[in-house]
Every structure is written in C-alpha cells, then in structure tokens.
Amino acid sequence: MEGNVFEDIMSMEPTEEKNVFKAFKLRQNFAKVSVFGGQLVSQCIVAACKTVDPLMECHNAQLNFLSGIVVNEPLKYKVLETRNGKSFATRMVG
0 MEGNVFEDIM SMEPTEEKNV FKAFKLRQNF AKVSVFGGQL VSQCIVAACK
50 TVDPLMECHN AQLNFLSGIV VNEPLKYKVL ETRNGKSFAT RMVG
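All residue numbers for the sequence shown refer to numbering that gives the first Met the number 0, where the first residue is 0 and numbers rise by one.
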C-alpha cells in the first residue's frame, strides 16, 4: 500500500444500496489467513459514522464476530439506522 496506510484501510465506497459501504483494503495477518479484528471494528465504526451527522462522535461500540471473512474479497458493511435523536444516534452494522 502506498501513502497513508490507515487512510487506505479505512476508505470505503458507497454502493447503490442505501447505507451499504464496501471496504477493499484488508490488512492480512501474516501468521494465518485472517484479518485483525481491530480493523473490522474500525471499519464498522467508519461505516456507521457515514450515516450520521458529521458533528456526532462515536461514544460506544459493542460487537460480536459471528463468522470469518474471505480475505481476498471486498467487505460489505450494511448499516441499519435503529434510532435517530437530536443529540445521539444508534446504528447496527452487519
């Protein structure tokens, strides 16, 4: 990867579906065929933040890894808007 590695990994593209984003850059764990869980968490937060007011900040994240991923394919993050308040928003990312 060239340039800023963090920005490359966190970059996402919107899809034709509302609140669905694709992440292409997966930093593979060299010891085994997997991706660092922290990267997946970060990408989930980035996807969720793309669906709220830019002035809002993430204050909490709760997650479960339900299955493995295919390292060589783009990941799709689907964001469900569960609650929109004046000063907070709740999102579920799958």
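C-beta atoms are modelled at their ideal positions from N, C-alpha and C, and glycine is treated no differently.
Is the Cβ-Cβ distance between residue i and residue j less than 8 Å?
i   : j   : result
L74 : K21 : yes
C43 : V4  : no
V78 : V34 : no
Please go through the same chain and pick out, in chain order, the residues whose beta-carbon is closer than 7 Å to the beta-carbon of residue i, but skip the five residues on each side of it.
i   : result
T89 : T81 and R82
C48 : C57
Excluding sequence positions up to five away, which residues of its chain have a Cβ less than 8 Å from the Cβ of residue i?
i   : result
D52 : A88
T14 : F20, K21 and K75
If you draw a straight line from the alpha carbon of residue i to that of residue j, how long is it in whole angstroms?
i   : j   : result
E56 : L62 : 18 Å
M11 : I68 : 17 Å
D7  : G37 : 15 Å
Y76 : V19 : 6 Å
M0  : L25 : Only weak support is given to the placement of M0: the predicted model assigns it a pLDDT of 45, under 50, and the value that follows is read from those uncertain coordinates. If you take the alpha carbons of M0 and L25, they lie about 11 Å apart.
S66 : F23 : 18 Å
K85 : L54 : 11 Å
E72 : V32 : 13 Å
Would you grab the beta carbon distance between residue i and residue j for me? Rounded to a whole angstrom, and I think it's under 8 Å.
i   : j   : result
V40 : A60 : 7 Å
Taking the alpha helix (DSSP H) that residue i falls in, what are its first and last residues?
i  : result
D9 : Note that residue 9 is Met in the sequence shown here, rather than Asp. It spans V4 to M9 - the alpha helix (DSSP H) in which M9 sits, taken as one unbroken run.
State the start and end residues of the unbroken beta strand (DSSP E) segment that holds residue i.
i   : result
A47 : Per DSSP, A47 belongs to no beta strand (DSSP E); it is in the alpha helix (DSSP H), G36 to C48.
L65 : No beta strand (DSSP E) contains L65, which DSSP labels as neither H nor E.
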